[in-house]
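Reading the sequence shown from the start, the letters are residues 27 to 125 in this note's numbering. Backbone N, C-alpha and C fix where the C-beta goes; we use that ideal spot for every residue, glycine too. Bear in mind that the values here come from a model prediction, so they are computed numbers and not experimental data. Report on the following structure.
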Amino acid sequence: AKADGHIDEAENAAIEAALRDLPLDVRASLTTTLMRPADAAAVARRATSDQERREIYAASVMITGRDHPDEITYLDTLARALDLPADVVAALDAGVARA
């Protein structure tokens, strides 16, 4: 979504749907982050547990999508900043694709 510089109507709907299922503190953090330019390191610093790191990445995949090169770059950078192993990233990507 925002990784390519803008959030369109479909992306905004996806954001709202993805945030609805997250814990309140994670939702607030991601909402605040969406107001600023995309900064994967800043997003990653908000995670305080392995579960939050996975939730942040999964929500970001749902929100961002992988349909623009800048979005792919952002998600790859976020996964590294969250220190997520490649197998976890692959599983989260697959789970989001099935959702």
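- Going by C-alpha positions, Val114 is about 24 angstroms away from Thr57.
- Put simply, the backbone Cα of Arg71 is about 8 angstroms away from that of Leu108.
- Pairing Leu45 with Ala85 gives a Cβ-Cβ distance under 8 angstroms.
- Of all alpha-carbon atoms in Ser75, Gln77, Asp51 and Tyr83, the one lying nearest the alpha-carbon of Leu118 is that of Tyr83.
- In the DSSP assignment, Thr99 falls within the alpha helix (DSSP H) that extends over Pro95 to Ala107.
- Between Met88 and Val122, the beta carbon gap of about 5 angstroms places them in contact (Cβ cut-off 8 angstroms).
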